[in-house]
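Enquirer: Chains as they are written, first to last, in the numbering used here: chain W, 149 to 525; chain G, 26 to 424.
1. Per DSSP, which one or two residues make a beta bridge with residue 173/G?
2. Run through the DSSP bridge pairs and tell me what residue 179/G is partnered with.
3. For chain W, is any of its Cβ atoms less than 7 angstroms away from the one on residue 161/G?
4. For the 8 angstroms Cβ check, are there 3 or more pairs between the stretch 74 to 84 of chain G and the stretch 99 to 116 of chain G?
5. Within 10 angstroms of its Cβ, does residue 346/G collect 16 or more other Cβ (buried), or is it exposed?
6. Is residue 490/W helix, strand or coil when you go by DSSP?
7. Examine chain G for any beta-carbon lying closer than 7 angstroms to the beta-carbon of residue 303/W, and answer yes or no.
8. Going by DSSP, what residues sit across from residue 247/G in a beta bridge?
9. For the stretch 494 to 503 of chain W against the stretch 468 to 481 of chain W, do three or more pairs of beta-carbon atoms, one drawn from each stretch, fall closer than 8 angstroms, so that the two count as touching?
10. Hey, how far is the Cα of residue 379/G from the Cα of residue 222/W?
11. Along the stretch 339 to 356 of chain G, where does the CB come closer than 7 angstroms to a CB of chain W? Name the residues.
12. Any idea what DSSP makes of residue 379/G, helix, strand or coil?
13. Distance check for residue 73/G and residue 246/G, CA to CA, integer angstroms please.
14. Got a sec: which bits of the stretch 255 to 280 of chain W sit with their beta carbon under 9 angstroms from any beta carbon on chain G, in order along the chain?
15. Using the C-alpha atoms, what's the distance from residue 287/W back to residue 376/G?
16. From the beta carbon of residue 187/G, is the nearest beta carbon of chain W less than 7 angstroms away?
17. What does the alpha-carbon distance come out to for the pair residue 374/G and residue 390/G?
18. Within the 7 angstroms Cβ cut-off, does residue 416/G reach chain W?
19. Would you kindly work out how many angstroms separate the C-alpha atoms of residue 266/W and residue 384/W, rounded to a whole number?
20. Quick one, which of 284/G, 179/G, 97/G, 260/G has its alpha-carbon nearest residue 60/G's?
21. If we cut at 7 angstroms on Cβ distances, does residue 346/W have a partner in chain G?
22. Using a Cβ cut-off of 8 angstroms, which residues of the stretch 475 to 500 of chain W contact any Cβ in chain G, in chain order?
23. Would you say residue 380/G faces chain W, with C-beta separation under 7 angstroms as the test?
24. Please classify residue 220/G as buried or exposed, where buried requires at least 16 neighbouring CB atoms within 10 angstroms.
25. Answer yes or no: does any C-beta atom of chain G fall closer than 7 angstroms to that of residue 285/W?
26. Whole-angstrom Cβ separation of residue 327/W and residue 374/W, contact assumed at under 8 angstroms?
27. What residue from 189/G, 105/G, 147/G, 213/G has the CA that sits closest to residue 177/G's CA?
28. The alpha helix (DSSP H) spanning residue 124/G covers which residue range?
29. Hey, could you find the ends of the alpha helix (DSSP H) residue 169/W is sitting in?
30. With 16 other CB atoms within 10 Å as the buried threshold, where does residue 200/G fall?
31. Measure from the C-beta of residue 376/G to each C-beta in chain W and report whether the shortest distance is under 7 angstroms.
32. Rounded to whole angstroms, what is the Cα-Cα separation between residue 266/G and residue 66/G?
33. Residue 485/W and residue 403/G - do their beta-carbons sit closer together than 7 angstroms?
34. Can you tell me whether residue 210/G is helix, strand or coil according to DSSP?
35. Counting along the chain, where does the alpha helix (DSSP H) carrying residue 217/W start and finish?
36. I need the straight-line Cα distance from residue 4/G to residue 211/G, nearest angstrom please.
Okay, structure coming up:
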């Protein structure tokens with residue numbers, strides 16, 4: 149075994165870390181959080197120029213990475229700096245699905261995505277689907293000339309900023325069936341598509357997307373009719389790796405801030421870190437950090453495996469990161485006392501990102517049950 | 026022992042229920058049910074309704090206009106308030122300052138301030154914590170220097186809850202720098218309108234601004250606003266904190282929170298079935314419900330045991346620790362129950378302005394509440410401080 153990053157990934161990490169530590173401080177982020185768009189196009193473009201989006205795609209797709217460890221390296225750094233721009237949504241989810249399933253014409257978009265000039269969102273979850281990827285009720289009715297999409301998509305991150313949505317809809321079967329789900333590339337300006345946007349607690353924006361008899365040509369479909377489920381699951385697996393890595397990065401920042409605070413904040417005439425009750429709890433956080441790092445490495449390293457191995461490690465990582473993340477976020481706040489409750493202090497944002505990560509792609513409970521299913525044979 | 030309610034107690038519960046059905050405004054209870062904060066006017070209105078009924082001050086002696094119910098009655102009252110989604114009565118005047126004035130103030134001060142608290146003439150806030158004096162409260166630095174018939178106050182307080190609404194603040198100030206920390210502190214009542222006071226809101230991580238910094242620059246406070254003796258304020262502060270901690274068990278809030286969890290989990294679907302039918306989630310809910318039912322009894326036992334008018338000691342620390350852990354666990358379950366709909370930013374909902382949130386299951390601001398209630402284990406003496414008090418009292422020579 150070898151736990152060293154390749155030279156290319158090491159360079160990617162160094163470049164990204166340096167850029168973010170120069171350009172993405174708390175004041176910058178708070179300005180972005182307060183903006184109407186919830187993202188900085190300047191930062192987006194600059195990161196695209198650094199090759200960050202390219203690292204999310206394979207060479208065949210026009211990028212120079214795309215493997216689990218590429219995603220892990222990029223998103224750990226984004227998480228460490230608390231970046232709110234939706235690289236995961238444009239790059240890994242929607243962009244990844246186009247790259248995985250698209251024909252030549254559709255794949256032409258990848259170049260624009262990598263260059264940072266095209267924003268996307270993945271409209272998949274629905275009000276009653278919770279974390280179940282096959283519970284799609286939005287309908288796609290193919291009438292030969294056009295396909296009509298109708299339904300509602302819930303908490304679609306980056307929908308307002310997106311030029312196009314990748315929308316899932318059912319061509320046959322019922323909610324919960326694996327077969328029958330297709331994906332469509334739908335420009336957000338299409339008639340019948342409405343986007344009701346709102347800010348997210350942990351930064352960025354999302355929207356409820358309503359599709360009311362939205363007409364798209366057959367050329368909008370990605371891949372074969374009704375066959376998109378396995379591609380969706382694989383892309384959500386990649387996004388889960390990215391997100392676990394992002395959470396790991398955020399946890400590192402939370403721990404670093406907390407250790408620093410324990411060393412400098414004085415109460416009763418000495419640094420509070422010298423109180424054993426607090427020092428031991430900090431130690432527990434550091435232990436959980438190592439566990440979390442192992443889980444991310446496992447998930448990233450198994451992302452290219454066949455389904456059973458891949459999904460088992462994804463559920464393992466999502467469950468462990470959810471638990472360890474909650475512990476680190478809550479304890480970091482507690483060990484800081486009141487200051488951690490204030491918006492202007494960096495930890496507040498970081499802690500929110502760590503906790504709210506549990507609400508994407510399945511929480512601790514969802515993945516515990518899934519892990520049991522995947523390992524009970 | 027008899028754990029069943031007596032005829033009188035059952036009748037009392039019915040009386041409380043009748044009152045709440047008739048007098049608690051529907052729009053106010055709707056707001057509380059959705060997790061939204063009532064406005065200042067709504068708070069004052071509810072305060073006045075309770076006062077008109079004579080039920081505003083369950084913990085005050087009758088001679089000062091209180092009710093002096095026994096522990097069981099207070100438990101029933103709190104239970105019904107929570108069940109009917111009544112807003113929390115702002116505690117600073119009633120639960121915190123009131124008992125201190127009753128025990129330590131001079132007659133003139135009692136005669137003037139106590140009726141005003143009941144009438145809602147003043148909105149009090151608390152000036153205890155400072156940037157350098159949180160858990161180590163006795164190291165506070167805000168100074169009050171006597172200048173004939175006035176004190177001149179300089180310094181900064183922080184975490185002043187609802188200070189933006191207040192016209193009066195009760196403060197701990199340093200009146201002697203040359204003695205042991207705890208011995209040079211005084212308890213001062215300060216009019217927020219006095220020149221030299223500035224209130225600055227602190228935006229919290231959930232987007233709300235319920236706490237403030239309060240700055241004092243050469244603020245003139247009449248010596249008649251000193252409560253008790255100069256340099257004895259620490260004793261009064263400790264007395265007040267034990268009162269604060271008894272209400273901090275928050276049984277009623279936890280019960281209301283648990284109902285909200287179940288409501289959301291019945292509406293949310295997981296695998297096509299209500300989340301509440303998911304054995305894993307149901308087990309988590311059951312676990313915290315078991316803890317809560319037991320804590321409700323612990324709370325009742327502790328309140329009963331404390332002699333009338335006397336604040337409980339170390340037990341209040343126990344209630345604070347357990348109560349905050351249970352409430353935070355319930356907040357966590359509510360957040361999880363909401364699934365992806367926990368993610369929207371819901372500050373508008375907390376402030377009570379916006380009803381049109383995107384989620385179909387009325388989960389609303391559950392994640393914001395989860396983050397906001399991280400404060401429960403931090404304020405009023407952090408849980409670490411409470412555990413030290415418990416350990417010292419029970420194991421270390423009873424200091």
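Even for Gly, the Cβ is constructed at its ideal location relative to N, Cα and C.
Expert: Put simply:
1. According to DSSP, residue pairing for residue 173/G in a beta bridge does not occur.
2. Note: residue 179/G sits in a beta bridge opposite 168/G.
3. So, interface residue.
4. A contact exists between the stretch 74 to 84 of chain G and the stretch 99 to 116 of chain G.
5. Under this definition residue 346/G is a buried residue.
6. Annotated three-state conformation of residue 490/W is strand, per DSSP.
7. Interface criterion met: the Cβ of residue 303/W is under 7 angstroms from a Cβ in chain G.
8. DSSP output for residue 247/G lists 175/G as bridge partner(s).
9. By the Cβ test, the stretch 494 to 503 of chain W is in contact with the stretch 468 to 481 of chain W, since at least three Cβ pairs between them sit closer than 8 angstroms.
10. Reliability of the predicted coordinates at residue 379/G is poor, the pLDDT of 42 falling under 50, and the value obtained from them is presented with this limitation in mind. When rounded, the distance between both Cα atoms is 37 angstroms.
11. Listed by position along the chain: nothing, the set is empty.
12. Any answer about residue 379/G is weak, because its pLDDT of 42 lies below 50 and its placement is not dependable; what the coordinates show is given next. Shown here, residue 379/G sits in coil according to DSSP, grouped into three states, outside any helix or strand.
13. The C-alpha of residue 246/G lies about 29 angstroms from the C-alpha of residue 73/G.
14. Within the stretch 255 to 280 of chain W, the residues whose Cβ lies closer than 9 angstroms to some Cβ of chain G are 273, 275, 276, 277, 278, 279, 280, listed in chain order.
15. No answer about residue 376/G holds up, because its pLDDT of 44 lies below 50 and its placement is not dependable.
16. Under the Cβ criterion of 7 angstroms, residue 187/G is not counted among the residues facing chain W.
17. With a pLDDT of only 43 at residue 374/G, under the threshold of 50, the placement of this residue in the model should not be trusted; the figure read from the coordinates follows. If you take the alpha carbons of residue 374/G and residue 390/G, they lie about 6 angstroms apart.
18. Residue-level contact check: residue 416/G does not touch chain W, since none of the beta carbons of chain W fall below 7 angstroms from its beta carbon.
19. So the two alpha carbons sit approximately 21 angstroms from each other.
20. Of 284/G, 179/G, 97/G, 260/G, the smallest CA-CA separation from residue 60/G is found for 284/G.
21. For residue 346/W, the answer is yes, since a Cβ of chain G falls inside 7 angstroms of its Cβ.
22. Listed by position, the residues of the stretch 475 to 500 of chain W near chain G (Cβ gap below 8 angstroms) are 478, 481, 482, 485, 486, 488, 489, 490, 491, 492, 496, 497, 499, 500.
23. Low confidence applies to residue 380/G: its pLDDT is 46, below 50, so where it sits in the model is not reliable enough to give any reading.
24. By the 10 Å Cβ count, residue 220/G comes out exposed.
25. No - not a single Cβ of chain G is within 7 angstroms of the one on residue 285/W.
26. Taking the Cβ atoms as the reference, residue 327/W lies roughly 6 angstroms from residue 374/W, within the contact range of under 8 angstroms.
27. Of the listed residues, the one whose Cα sits closest to residue 177/G is 213/G.
28. From DSSP, the alpha helix (DSSP H) with residue 124/G extends over 123 to 129.
29. It spans 155 to 171 - the alpha helix (DSSP H) in which residue 169/W sits, taken as one unbroken run.
30. So residue 200/G ends up on the buried side.
31. Any reading at residue 376/G needs caution, since the residue's pLDDT is 44, under 50, leaving its predicted position unreliable; the model's value is listed next. By this cut-off, residue 376/G is not an interface position.
32. Going by the C-alpha atoms only, they are around 27 angstroms apart.
33. With respect to the 7 angstroms criterion, residue 403/G and residue 485/W are classified as neighbours on the basis of their beta carbons.
34. If DSSP states are grouped into helix, strand and coil, residue 210/G belongs with the strands.
35. Where residue 217/W is concerned, the enclosing alpha helix (DSSP H) stretches over 216 to 228.
36. Any answer about residue 4/G is impossible in this case: the structure gives chain G only from 26 up to 424.
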